[in-house]
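Here is the structure we will look at.
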């Protein structure tokens, strides 16, 4: 796994990590194959998640596929139609305040949506670990104003690490995660 950027290396010290975050971090740095070719790893995720009939190319937005895969690996049930980012607004239970490991759903200016995991926030942005962010599994900052749902996985015993994470990080705010 590629090393996390310095602003996020604290995640390596969190114990216990929410399982979906731990599963997502195992895939950190996976990239889409440029051009007409497909990354066989990403296509393998579709097969593992039982979505290969609905997903056939890494050129198709894959944030929902990534989330379906990590949910499955973490023992969580994905929502119906998980490839549609906005379907994740029905995952788990609603939460009024984002915390480590929560699923965040975002609107997009050109329609559709984006989905990823909360790993922190600063004054203006949520820090999101997700797939298909600049064609990779990465962490990006997304404006808080774009968040349309905060969904907490259902835990038998919620890890103590599931809490808001305030960061002093800054930088580019993503406007189009594909």
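Residue numbers (my numbering): 9 to 186.
Each residue gets a CB set at the ideal place from its N, CA and C atoms; glycine is no exception.
Note that this is a predicted model, so its numbers are computed, not measured.
How long is the line joining the alpha carbons of residue i and residue j, rounded to whole angstroms?
| i | j | result |
| --- | --- | --- |
| residue 46 | residue 28 | 25 Å |
| residue 56 | residue 41 | 19 Å |
| residue 155 | residue 148 | 14 Å |
| residue 25 | residue 159 | 17 Å |
| residue 67 | residue 52 | 14 Å |
| residue 84 | residue 166 | 13 Å |
| residue 103 | residue 161 | 10 Å |
| residue 31 | residue 91 | 18 Å |
Quick one: what's got a C-beta closer than 7 Å to residue i's C-beta in the same chain, skipping five residues either side?
| i | result |
| --- | --- |
| residue 171 | 107 and 108 |
| residue 65 | 46 |
Going by DSSP in three states, residue i sits in which element: helix, strand or coil?
| i | result |
| --- | --- |
| residue 31 | helix |
| residue 205 | An answer regarding residue 205 cannot be provided, because it is not within the stretch 9 to 186 covered by the chain. |
| residue 64 | coil |
Excluding the five sequence neighbours on either side, which residues of its own chain have a C-beta within less than 6 Å of the C-beta of residue i, listed in chain order?
| i | result |
| --- | --- |
| residue 80 | 57 |
| residue 43 | none |
Use the C-beta contact count for residue i: other C-beta atoms within 10 angstroms, 16 or more gives buried, fewer gives exposed.
| i | result |
| --- | --- |
| residue 113 | buried |
| residue 132 | exposed |
| residue 138 | buried |
Output needed for residue i: all residues of its chain with C-beta closer than 8 Å, excluding positions within five of it in sequence on either side, in chain order.
| i | result |
| --- | --- |
| residue 129 | 106, 135, 152, 172, 173, 174 and 175 |
### Query
Whole beta strand (DSSP E) runs in the stretch 98-163 with 3 or more residues, listed along the chain?
If you keep only unbroken beta strand (DSSP E) runs of at least 3 residues inside the stretch 98-163, you get 111-115, 121-129, 133-138, 146-151 and 155-160.
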